[in-house]
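Step one of this worksheet: look at the structure below.
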Amino acid sequence: MNEHSRCLPQAASILKEEKGVVLITALMILVLLTIVGVASTTISNTETKIATNEALYLQSLYQAEGATMEVIERMSQAGFDPESVSWILSTSEYSSAMNTDSELWGEEIEGTTKKPDASVLDNTTLLAGIDKIDPELELDMPVRYYFTIYGRCEPPRGGSTTVEIGYIEKF
Numbered sequence: 000m001n002e003h004s005r006c007l008p009q010a011a012s013i014l015k016e017e018k019g020v021v022l023i024t025a026l027m028i029l030v031l032l033t034i035v036g037v038a039s040t041t042i043s044n045t046e047t048k049i050a051t052n053e054a055l056y057l058q059s060l061y062q063a064e065g066a067t068m069e070v071i072e073r074m075s076q077a078g079f080d081p082e083s084v085s086w087i088l089s090t091s092e093y094s095s096a097m098n099t100d101s102e103l104w105g106e107e108i109e110g111t112t113k114k115p116d117a118s119v120l121d122n123t124t125l126l127a128g129i130d131k132i133d134p135e136l137e138l139d140m141p142v143r144y145y146f147t148i149y150g151r152c153e154p155p156r157g158g159s160t161t162v163e164i165g166y167i168e169k170f
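Just so you know, numbering that gives the first Met the number 0 puts 61 at position 62 of the sequence shown, and the rest follows in order with no gaps.
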């Protein structure tokens, strides 16, 4: 007998005794599919949370920006006097608040009687500071004010957003 014929009967008998190979292969494929499914679910949940947080951030940003636009609207009304409202800091108050670690968004700004005002938007406050005043050379001309205007949104779910813009107006 040649060598090939001796190996074939042994190989055939070994394969006949391995009856659980299909079961083990099926279980391995099932475990692999389970791992892929769990990973896909985790990634999907994470992407949903990211999209939700981005939507909340954008909502806060737009509300804070709306508060700055509200300040401009208030200032453009006839007869508005920037020195007489509680939510506009004078030049000296504003520069001292910016040079210290004063909390601008508390009940009252340290060293002043001024405080941020509530906006018409929910969870949103507004504040302005006079950067400088340029008096015109002629007495009859209006005075030019340079403002820094802030709008701040603090949603109940956390994470405040502040928008700062510069604005020039003559009064």
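From the three backbone atoms N, C-alpha and C, an ideal C-beta is built for every residue, glycine too.
CA-to-CA, the gap between Ser85 and Phe170 works out to about 17 Å. Within the same chain, Met74, Tyr144 come within 6 Å of Glu168 by CB-CB distance, once the 5 residues on both sides are set aside.
Here the alpha carbon of Ser91 sits roughly 15 Å from the alpha carbon of Leu126.
Residue range 160 to 169 is occupied by the beta strand (DSSP E) that includes Val162. The alpha-carbon of Ile34 is positioned some 18 Å away from that of Glu46.
With contacts defined by Cβ atoms closer than 8 Å, Trp104 and Arg156 do not form a contacting pair. Fully enclosed alpha helix (DSSP H) runs of no fewer than 4 residues occupy 90 to 98 of the stretch 37 to 106, in order along the chain.
Here Ser59 has Cys152, Pro154, Thr160 as same chain residues with Cβ atoms under 6 Å from its own Cβ, once five neighbours each way along the sequence are excluded. As DSSP reads the structure, Lys131 sits in a beta bridge with Tyr145. With respect to the 8 Å criterion, Val162 and Thr67 are classified as neighbours on the basis of their beta carbons.
Sorting Leu29, Val119, Thr112, Ser89 by C-alpha distance to the C-alpha of Lys131 places Ser89 at the top.
Here Pro115 is near Thr124, since their CB atoms are less than 8 Å apart. Distance from the CA atom of Phe146 to the CA atom of Asp139, rounded to whole angstroms, is 22 Å. Just measuring C-alpha positions, the residue of Ser94, Ala63, Thr111 sitting nearest Ile164 is Ala63. Judged by beta-carbon spacing, Leu120 lies within the 8 Å limit of Gly65, meaning their Cβ atoms are closer than that value. Around the CB of Gly36, fewer than 16 other CB atoms lie within 10 Å, so the residue is classed as exposed. The C-beta separation of Ser95 from Gly110 comes to about 6 Å, placing the pair in contact by the 8 Å criterion. Nearest in C-alpha terms to Thr112, of all of Ser118, Ser83, Met97, is Ser83.
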